Each structure stands twice: as structure tokens, then as C-alpha cells.
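First to last, the sequence lines map onto chains A and B.
Take the first sequence: its position 136, counted from the start at 1, is 136 in this note's numbering, and no numbers get skipped.
Take the second sequence: its position 143, counted from the start at 1, is 429 in this note's numbering, and no numbers get skipped.
Worksheet for the structure shown next.
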Amino acid sequence: MSKVRGVPKVPVLVVAVVALAAGTASAQQALDRATALRAAADALGMVRWSDIGAGTTRLPGIDVVNTMEFWASGTIDSGGRAMKAEYHAALGYNPAAMRVETTTGGTGAAAQRTIQTVREPFAWDESEIGAGLVPGKGTATPAMAALRERALLLWTLPYGVVKAALAAGEKTTVSRESGATIVTFPLDGVLAGVTVRATLDAGNLITRVETRPDNAALTALATVTEYSNYADRAEVLTDIKTPGRIVRKQGGRTVIDIEVKKWETNNLYLVFPVPSNVKAAATPSR
Amino acid sequence: MPIAAARLVAVAAALVVASGALLAQGGPPRRTTNAPPAPSGPTPRTADGRPDLTGVWNALGNNLNGIPNQMSNNGIVIESATAARDLHSGLRIPVFPRNTTRPQNYEEGERAAALLRRVGSNRPIYKPEHWETVKNLDHNSNEEDPSNNCMPAGIPRGGVPSYIGQQKDHLLLIYPGEGGLIATQTMYRMIPTDGRQHTPLQELDGTYTGEAIGHWEGDTLVVDTWGYSANTWFDQIGGYFHSENMRTVERFTRNGNTLTWTVTVHDPDVLLEPWTSTPRVAVLNPNPKAVLPESLPCSERDLNNLVTKEHH
Numbered sequence: 001m002s003k004v005r006g007v008p009k010v011p012v013l014v015v016a017v018v019a020l021a022a023g024t025a026s027a028q029q030a031l032d033r034a035t036a037l038r039a040a041a042d043a044l045g046m047v048r049w050s051d052i053g054a055g056t057t058r059l060p061g062i063d064v065v066n067t068m069e070f071w072a073s074g075t076i077d078s079g080g081r082a083m084k085a086e087y088h089a090a091l092g093y094n095p096a097a098m099r100v101e102t103t104t105g106g107t108g109a110a111a112q113r114t115i116q117t118v119r120e121p122f123a124w125d126e127s128e129i130g131a132g133l134v135p136g137k138g139t140a141t142p143a144m145a146a147l148r149e150r151a152l153l154l155w156t157l158p159y160g161v162v163k164a165a166l167a168a169g170e171k172t173t174v175s176r177e178s179g180a181t182i183v184t185f186p187l188d189g190v191l192a193g194v195t196v197r198a199t200l201d202a203g204n205l206i207t208r209v210e211t212r213p214d215n216a217a218l219t220a221l222a223t224v225t226e227y228s229n230y231a232d233r234a235e236v237l238t239d240i241k242t243p244g245r246i247v248r249k250q251g252g253r254t255v256i257d258i259e260v261k262k263w264e265t266n267n268l269y270l271v272f273p274v275p276s277n278v279k280a281a282a283t284p285s286r
Numbered sequence: 287m288p289i290a291a292a293r294l295v296a297v298a299a300a301l302v303v304a305s306g307a308l309l310a311q312g313g314p315p316r317r318t319t320n321a322p323p324a325p326s327g328p329t330p331r332t333a334d335g336r337p338d339l340t341g342v343w344n345a346l347g348n349n350l351n352g353i354p355n356q357m358s359n360n361g362i363v364i365e366s367a368t369a370a371r372d373l374h375s376g377l378r379i380p381v382f383p384r385n386t387t388r389p390q391n392y393e394e395g396e397r398a399a400a401l402l403r404r405v406g407s408n409r410p411i412y413k414p415e416h417w418e419t420v421k422n423l424d425h426n427s428n429e430e431d432p433s434n435n436c437m438p439a440g441i442p443r444g445g446v447p448s449y450i451g452q453q454k455d456h457l458l459l460i461y462p463g464e465g466g467l468i469a470t471q472t473m474y475r476m477i478p479t480d481g482r483q484h485t486p487l488q489e490l491d492g493t494y495t496g497e498a499i500g501h502w503e504g505d506t507l508v509v510d511t512w513g514y515s516a517n518t519w520f521d522q523i524g525g526y527f528h529s530e531n532m533r534t535v536e537r538f539t540r541n542g543n544t545l546t547w548t549v550t551v552h553d554p555d556v557l558l559e560p561w562t563s564t565p566r567v568a569v570l571n572p573n574p575k576a577v578l579p580e581s582l583p584c585s586e587r588d589l590n591n592l593v594t595k596e597h598h
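Quick look at the structure:
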């Protein structure tokens, strides 16, 4: 009987040890995740609180990044060719939206201007900023086929990476490779099926963001973006760090290579209302 | 250092000293949420059965961070040390514990406050031709904010009044001026509830508080106002200018010792659609003998000497 009684003790012990180890590993992973994401958020200046006039209130910090706008120069891909371009992006995370205005061919009559906008789950092109909202003021053309590619641009910016990694919760993992911190997580919503792998430098700034779609045929969603030369480039200083250079590749080909001139971070007035014809024509993909 | 900035530093220092003294005396516990407190007590009623809004509604004090007395005016409610959400969109906002006990210096606090006050999603949607104007007004608000230089904040920027006196056929609302941090004048409004109609708009000279008329919809006081001048912005931040055709509809609802206020702004000249504010909650001063203190005199702003664009 003692043997019979003793037999199950070993599996129970093993299970207990394994469970304890797993629990410890899980707890350690959670700790690593929280530590790494907090460090990344702090490095970017995303976590803030203020006690001005707070009296006896002491609130915790919150993620203060919502709307941003930046201006840059460099090259963008245009039909397989690198073209000199002026690049102007307005973006927000609540709601998730981005408007990218590019001008190629100089500033004269030959200049070609495009305005590509996304507000999940809609994407459209504008003939002018805010086109299609007021009768007779420009044309908004639905561009739902570009929805995921445009949304990816928003969520692979450093702030989008931190927000999405936090939102992914336990699906986010943290590891160390060659001395660097690697944060890996799946995106959701319109970008479900895309995995992000972000590299943090010694100062916890995000320097490289790689995206891989589950479906290898979606080559536009297989990207590598490198960020460097971080600083506060705003006229209204906020202590939020923004990259000074952005290089983005799709399938190994450089599609964006720009130097940032100014990056305003003060949650400025940027709105992205969806034109009624875009709502009517588009079938949301989620 | 500009005079105004020096005064702000002095005020901030005084607040730190005062709060330290309060804690040393075992003062009130520190709140770690900006969620409105649960209503308590009965809702008093007047002889004609209406909720009685009479009282001094300043129990939460004042705050630039979107907390009291204009509760949640940045639209983000921090429910606990681990949870926050945007009241307009419902989006969960990541919360992080403070990782230092070092007090912020004025610059750090100012920059953080500026971000915190603008982080919410509830933004009025202007017609596209005004988007750049709104952005630039906010960007340059040190020079452009019409409430600087001791001018009235106007309605609805005044938010929740600090005093309401309710009579059978009218109400009296008082908005004390902010002499220190927000340099505005005291405003008062006398709002008839006797069933009268508005004066035709073209017969009114625009004013900071407009022509207000109140009526009751159930237990909610509804105040309909037009006849504004275009000299104000309609919210605390954002460069939210308006035309002389702005019309506002405010709703005041008392529940026990709390008063919830919202405003809907109609301005088809500049807005693409009407905009409704995030609800703000004020709390009744618990002292039944409370009176409004005298407003501080409006402070000099030294705007011409400002060389940076930081602002709260």
C-alpha cells in the first residue's frame, strides 16, 4: 500500500514543481513585460502626471500621447522609384487615425500632392485636407484596399508600438538578444494576423520595428522600420521624444527615408471625420 | 523670469508648504482618482417640486488638471491606480504608478498638464477650413487666448458655476474670477425661468454670457443661450473659437450633493456638427454656512515677455 500510496506522489510532486516553475516563469515574464514597456514608455515621455493645482489629489501617471503632427523631407517610393518628397503626417490614437500628405516633384506646377487618410476601419484619399465633408469642398475617394497598410504605418510608430504592446497584454513577450531588449506581440483589429517585433536600445528607445503577416502573400504588411536620432522637436515643448530619421522598408525595398524637421506632440487639434460617401461605399473589414 | 511666472512659482511653493502642513496635521487623505464621488444625501426640492440647485458648488476646489471643480474636463477618468478610460470613446487608457516621489518642477508640471488637458478624444468637429485656425490658436494660446488679460472666460467656458441661487422664476449663477493661475473676471448670470421667449438674435448685442433662458425638463434645468459676442473660446483649452451665431444648451442635474453639467454647442457657421461636452460634476460645499470667498484680483500676465510656447 505504501508503494501504491507512494506512486502518485512523484507525479504530484512533478506537477507541483512544474506548475510552480511555470508560475514563476509566468510571473517573471509578466514582470519583464511590465518593466520593459514602462521603460519604453518613459523613454519616449509617454507617462505623465501633474500636480499643478491638484490639492490633495495624487493621480497615477497615464499615457498622454494622442494626437501628433510632423513634417519631414527625404525620399518615398513611387512606382518602384525613389522620389524626393516633402512628407507631412497628422495622426492620433484615440481614435486611431492618420493622414499622410506627400508632395513630390518640387514645389512648382509639376508638384504632385497626395493625401492618404485612415481612420479605422475606413481608408480614403483626399483631394484636399478634409475633402468630402462639406459639399463642394474637395473629393474623398474610398481606398479600403489600403486600409491595413495605412493602419500599420500608425501602429509601427514608436508610440503605437508601446500602446499596442500594452493592449496585447499577456500575448506580449520580452526577451534579450545581443544585449538588446526585444518586445514581440500580435496586433489586433484591422491588423489581426500581423506580429510586431520591436527592438529597444540601451536607453529603452525603440530603434527597429519589424512586422510579419501570418499570410506571407501580404507583402505590404512585411515591413522593417528604423528610428534614430530621438529628441523633442516640438515648438511647444512637451518632453516627448520623437525620432529624427525614419527609414522604412517593404520586402527589403526602401519605401520611406525621411529626416524629420518638426514634430509637434502637444495633443494638438487634429480630427479625422469620415466622409459620408466613404462610410457608404466602404465595407469595413472587421 | 516674467512677473506672472514668478507669482506662479510663489503660489506653487505656497501650495506645497500648505499641503505639507495639512498632511503633518493629519489632513484629508489624498485622492488617487478623479472619478466623481458617489452622490450622497437627498436631493432637496423647492415648494413647487423642482430640484433645488441652490448652494455653493465648490467642495472639490479648482484644478488645472481636469479634476475638480470641473471634474473630468479633460475627458479621462482615472478610476483607480490601474484603470482609466476616455469618457467619450470608451477607450481604455494605460495607467502607470508614479516611479518617483520627487516633486515636479514647474516646467515639468506645466508640460505634463498641457498634455493631460488635451489627451481626451471629445473634440468639436470644425469645418475643415477652420482646422488650421483652431490648431494655431491653441498652439499660440499664450498670445491668442481671449481670457488672458483679465477678460471674462464667457459661457460655456465658465463650466459649472460655483454658486447657484434658485428662485421661483429665475436663477442666479456666479462664476468667481481666477486671479492667479487663470486670469479671468468674475461672471454672473441671471437666468429667467418664467416661460419667456428669446429676443430675436439680430436685436441682441453680443455679450460674454449671452441671453440665457431656463426651463425644466423633468428634474433637469435646461438653459438655452444665444446672443454671444465672438470674443471667447467655448472650452478651457483647444483654441475653440466660435461665431456670434453660437447657441448653447446647458443641462444641470442635481443628485444629492452632486451637480452634473453638460453643454451642447451649436454653431453652424464654424462647426460641422453640434458638439456636446464631456459631463462635469461639481460637489456641494458640505458647510451649510459656506459663502463664496472674494476673487483674487486679476494678475498681470506679461504676455509680451513670453519667449516659449508652453502653456497649460
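All C-beta atoms in this analysis are idealised placements derived from N, C-alpha and C, irrespective of residue type, glycine included.
Everything numeric in this text was worked out from a predicted model, so none of it was measured.
**Request:** Please list, in chain order, all residues of the same chain as B/W561 whose beta carbon is under 6 Å from its beta carbon, the five residues on each side excluded.
**Result:** Position 275 of the second sequence, counted from the first residue, corresponds to residue 561 of chain B. Once the five neighbours on either side are set aside, the close Cβ partners of B/W561 are P410, V551.
**Prompt:** Is it buried or exposed for B/S563, if we count other Cβ within 10 angstroms and need 16 for buried?
**Reply:** For this step, residue 563 of chain B is matched to residue 277 along the second sequence. The residue is buried, with at least 16 neighbouring Cβ atoms inside 10 Å.
**Request:** With distances taken Cα to Cα, identify the nearest neighbour of B/V508 among B/T534, B/W519, B/Y526, B/D521.
**Result:** Within the second sequence, residue 508 of chain B is the residue found at index 222, counting from 1. Of the candidates B/T534, B/W519, B/Y526, B/D521, the one whose C-alpha sits nearest the C-alpha of B/V508 is B/T534.
**Message:** With a threshold of 8 Å between beta-carbons, can B/Q311 be considered close to chain A, or not?
**Reply:** Here residue 311 of chain B refers to the residue found at position 25 of the second sequence. For B/Q311, the predicted structure reports a pLDDT of 43, less than 50, and the residue's modelled location is therefore unreliable. A value from the coordinates is still provided. With 8 Å as the cut-off, B/Q311 does not count as an interface residue toward chain A.
**Asked** Who are the Cβ neighbours of A/T225 in its own chain at under 6 Å, not counting the five residues just before and after it?
**Response** Residue numbering aside, residue 225 of chain A sits at position 225 when the first sequence is read from its first letter. Excluding residues within five positions, the ones whose Cβ falls inside 6 Å are T156, V209, R248.
**Item:** Contact belief for A/E120 with A/A146 at Cβ below 8 Å, rounded distance in angstroms
**Value:** Along the first sequence, read from residue 1 onward, the residue named residue 120 of chain A stands at position 120. Along the first sequence, read from residue 1 onward, the residue named residue 146 of chain A stands at position 146. Contact doesn't hold; Cβ gap of about 13 Å is too wide.
**Prompt:** Do you know how far the Cα of A/G136 is from the Cα of B/D455?
**Reply:** Sequence index remark: in the second sequence, residue 455 of chain B carries index 169 (1-based). Sequence index remark: in the first sequence, residue 136 of chain A carries index 136 (1-based). Their backbone Cα atoms lie some 48 Å apart in a straight line.
**Request:** State yes or no: is the C-beta of B/I380 within less than 8 Å of the C-beta of A/I62?
**Result:** Reading the second sequence from its first residue, position 94 is the one you call residue 380 of chain B. Reading the first sequence from its first residue, position 62 is the one you call residue 62 of chain A. Note on identity: in this sequence residue 380 of chain B is Pro, with Ile being the wrong assignment. Yes, these two residues count as a Cβ contact at 8 Å.
**Message:** Only counting the same chain, and skipping five residues up and downstream in sequence, which positions put a Cβ closer than 8 Å to that of A/L154?
**Reply:** Stepping through the first sequence from its first residue, residue 154 of chain A is reached at position 154. The residues are L91, Y93, A96, A97, M98, V118, G160.
**Prompt:** B/D555: buried (16+ other C-beta within 10 angstroms of its C-beta) or exposed?
**Reply:** For the purposes of this step, residue 555 of chain B is identified with residue 269 of the second sequence, where counting begins at 1. It is exposed - the Cβ of B/D555 has fewer than 16 other Cβ atoms within 10 Å.
**Whole-angstrom distance between A/G106 and B/G361, CA atom to CA atom** = As a working mapping, residue 361 of chain B is identified with position 75 in the second sequence. As a working mapping, residue 106 of chain A is identified with position 106 in the first sequence. Approximately 42 Å between the Cα atoms of the pair.
**From B/A333, B/N571, B/A398, residue whose alpha carbon lies closest to that of A/S50** = Here residue 50 of chain A corresponds to residue number 50 of the first sequence, with the count starting at 1. When only C-alpha atoms are compared, the closest one is B/A398.
**Asked** Among A/D232, A/F272, A/A109, which one has its Cα closest to the Cα of A/G45?
**Response** Along the first sequence, read from residue 1 onward, the residue named residue 45 of chain A stands at position 45. Checking every option, the nearest Cα to that of A/G45 belongs to A/D232.
**Prompt:** Residues bridged to A/M83 by DSSP?
**Reply:** Reading the first sequence from its first residue, position 83 is the one you call residue 83 of chain A. Paired residue(s): A/I76.
**Request:** Report all residues from its chain with a CB closer than 6 Å to the CB of B/N517; omit the five preceding and five following residues, and keep chain order.
**Result:** Locating residue 517 of chain B in the second sequence gives position 231, counting from the first residue. Excluding positions up to five away in sequence, the list reads P432.
**Whole-Å CB distance - A/T206 paired with A/Y87, under 8 Å assumed** = Along the first sequence, one-based indexing puts residue 206 of chain A at 206. Along the first sequence, one-based indexing puts residue 87 of chain A at 87. Here residue 206 of chain A turns out to be Ile, not Thr, going by the sequence shown. That belief does not hold up - the Cβ atoms of A/I206 and A/Y87 are roughly 19 Å apart, past 8 Å.
**Asked** Would DSSP call A/M144 helix, strand or coil?
**Response** The residue you call residue 144 of chain A lines up with position 144 of the first sequence. Here A/M144 sits in helix by DSSP.
**Asked** Taking C-beta to C-beta, are B/T495 and B/I450 nearer than 8 Å?
**Response** As a first step, residue 495 of chain B is located in the second sequence; it is residue number 209 there, counting from the start. As a first step, residue 450 of chain B is located in the second sequence; it is residue number 164 there, counting from the start. It is not a contact, given that the beta carbons lie outside the stated cut-off.
**Prompt:** Can a CB atom of chain B be found closer than 8 Å to the CB of A/A282?
**Reply:** The residue given as residue 282 of chain A occupies position 282 in the first sequence. Chain B contact via Cβ: absent.
**Item:** is_contact[B/R537, chain A] using C-beta, thresh 8 Å
**Value:** Within the second sequence, numbered from 1, the residue matching residue 537 of chain B stands at position 251. Not closer than 8 Å to any Cβ of chain A, the Cβ of B/R537 fails to qualify, so no.
**Prompt:** Sorted by chain position, which residues of the same chain lie with C-beta nearer than 7 Å to A/S127's C-beta, five sequence neighbours on each side aside?
**Reply:** Numbered from 1 along the first sequence, position 127 holds the residue referred to as residue 127 of chain A. Excluding sequence neighbours, A/S127 sits near G138, T139.
**Cβ shell of B/L570 (< 8 Å), same chain only, five flanking positions each side left out** = Along the second sequence, one-based indexing puts residue 570 of chain B at 284. Result list for B/L570: G341, V342, W343, A345, N543, T544, L545, in chain order.
**Message:** So B/R443 contacts chain A; which residues on that side make the cut at Cβ distance below 7 Å?
**Reply:** Mapped onto the second sequence, residue 443 of chain B falls at position 157. Within 7 Å Cβ-Cβ: nothing; B/R443 doesn't reach chain A, min ~16 Å.
**Prompt:** Along chain A, in chain order, which residues have C-beta atoms closer than 9 Å to that of B/S375?
**Reply:** By 1-based counting over the second sequence, the position of residue 375 of chain B is 89. The contacting residues are N94, P95.
**Asked** Which residues of chain B have a Cβ atom closer than 8 Å to the Cβ of A/I129, listed in chain order?
**Response** Mapped onto the first sequence, residue 129 of chain A falls at position 129. In chain order: P414, W417.
**Asked** Can you give the Cα-Cα distance for A/G74 and B/A400, rounded to whole angstroms?
**Response** In the first sequence, counting from the first residue as 1, residue 74 of chain A sits at position 74. In the second sequence, counting from the first residue as 1, residue 400 of chain B sits at position 114. Each residue's Cα considered, the two are about 31 Å apart.
**Request:** Inspect the beta-carbon positions of B/G524 and B/R404 and report whether they are closer than 8 Å.
**Result:** By one-based count along the second sequence, residue 524 of chain B stands at place 238. By one-based count along the second sequence, residue 404 of chain B stands at place 118. It is a contact, given that the beta carbons lie within the stated cut-off.
**Request:** Tell me whether B/V535 sits in a helix, a strand or coil according to DSSP, three-state version.
**Result:** Numbered from its first residue, the second sequence carries residue 535 of chain B at position 249. Strand at B/V535.
**Request:** Please state whether DSSP places A/L133 in a helix, a strand or coil.
**Result:** Position 133 of the first sequence, counting from 1, holds the residue named residue 133 of chain A. Reduced to three states, the DSSP call for A/L133 is coil.
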